[in-house]
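See structure below.
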Amino acid sequence: MRKLQSQGVHHITLVGADRQTSIDFWEGILGMPFIFEQPNLDRASESHLYFDPGDGRLITVFTDENRTPDPKRTSTDIGCVHHIAFTVSRATFQQAVERLNERNIRHSGVKDRGFMDSIYFEDPLGLLVELASYRFEPPAGHTHADVLMEAHNVRLARGDYAIAEVHLADAIEALVESARPTLSADRAPKDPYGSI
29 MRKLQSQGVH
39 HITLVGADRQ
49 TSIDFWEGIL
59 GMPFIFEQPN
69 LDRASESHLY
79 FDPGDGRLIT
89 VFTDENRTPD
99 PKRTSTDIGC
109 VHHIAFTVSR
119 ATFQQAVERL
129 NERNIRHSGV
139 KDRGFMDSIY
149 FEDPLGLLVE
159 LASYRFEPPA
169 GHTHADVLME
179 AHNVRLARGD
189 YAIAEVHLAD
199 AIEALVESAR
209 PTLSADRAPK
219 DPYGSI
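Going by the working numbering, the final residue of the sequence shown carries number 224, and the count climbs one at a time with no gaps.
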């Protein structure tokens, strides 16, 4: 038996209401360019809208002018999507509360997730959306996932409950040490100022 190896998310398709509601939310609030539209090739009565979330992947929405927005929270039953999270820069994240408040969009406020900060709010159709901003940059040649996996191992070794910034810092140090050679015989921390 062999795996079918994925190489990333290709696209996520959502069921929308009318066309303009989708454009106003995905581009008008989240800034995702509306890059193309065509008929839903499996259901001619629907349009298929494509948005670029910023990483070259796609968020797509099936729309139908006969459907109207229903802001009731989407189902969180087994097998359903709980929420979709989007990466935003630290600068954008720090403006998020104010910008959501300007539009009278109810939100969670800033949530501390240890390795990132999050804000949650619902789209006009009740889908929970998260804006997420990492608290770290991975070292060159590594991904956020590499750092998080190493931080997870550090956390477990210390018996800590959840990943915190200290685990991130130590994980980044470990990744750099394992990936970058040195001429030094001893890479242990030093005190070049002398002990006091």
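Idealized CB from N, CA, C, for every residue including glycine.
### Query
Using a Cβ-Cβ cut-off of 8 angstroms (strictly less than) and excluding sequence neighbours within five positions of Asn-68, which residues of its own chain qualify?
Glu-74, Ser-75, His-76 and Phe-90
### Query
Among Glu-205, Ile-87 and Phe-114, which has the Cα closest to the Cα of Asp-214?
Glu-205
### Task
Could you have a look at Val-157 and say whether DSSP puts it in helix, strand or coil?
strand
### Query
Among the residues of its own chain, which have a CB less than 6 angstroms from the CB of His-170, if the five just before and after it don't count?
Leu-203
### Query
How close, in whole Å, do the beta carbons of Leu-86 and Asp-80 come, if the pair is a contact with beta carbons under 8 angstroms?
7 angstroms
### Message
Just to confirm my understanding: we take Ala-179, look at its own chain, exclude 5 residues before and 5 after, and list those with CB closer than 6 angstroms. What are they?
### Response
Ile-191, His-195, Leu-196 and Ala-199
### Message
Between the alpha carbons of Phe-143 and Gln-122, how many angstroms are there, rounded?
### Response
16 angstroms
### Query
What residue range is occupied by the uninterrupted beta strand (DSSP E) comprising Ser-146?
144-150
### Query
In its own chain, which residues sit with a C-beta less than 7 angstroms from the C-beta of Gly-59, not counting the 5 before and 5 after it?
none
### Query
What is the residue span of the beta strand (DSSP E) that Phe-64 lies within?
62-68
### Query
Hey, how far is the Cα of Ile-57 from the Cα of Val-175?
30 angstroms
### Task
Identify whether Phe-121 lies in helix, strand or coil by the three-state DSSP scheme.
helix
### Task
May I ask you to report which of helix, strand or coil DSSP gives Leu-77?
strand
### Task
Assuming Pro-278 and Pro-97 form a contact by the criterion Cβ under 8 angstroms, report the distance between their Cβ atoms to the nearest whole angstrom.
An answer regarding residue 278 cannot be provided, because it is not within the stretch 29 to 224 covered by the chain.
### Task
Evaluate Val-109 with the Cβ neighbour count: other Cβ atoms within 10 Å of its Cβ, from every protein chain shown; 16 or more gives buried, anything less gives exposed.
exposed
#### Entry: Residue interval of the alpha helix (DSSP H) (run including Phe-53)
47-54
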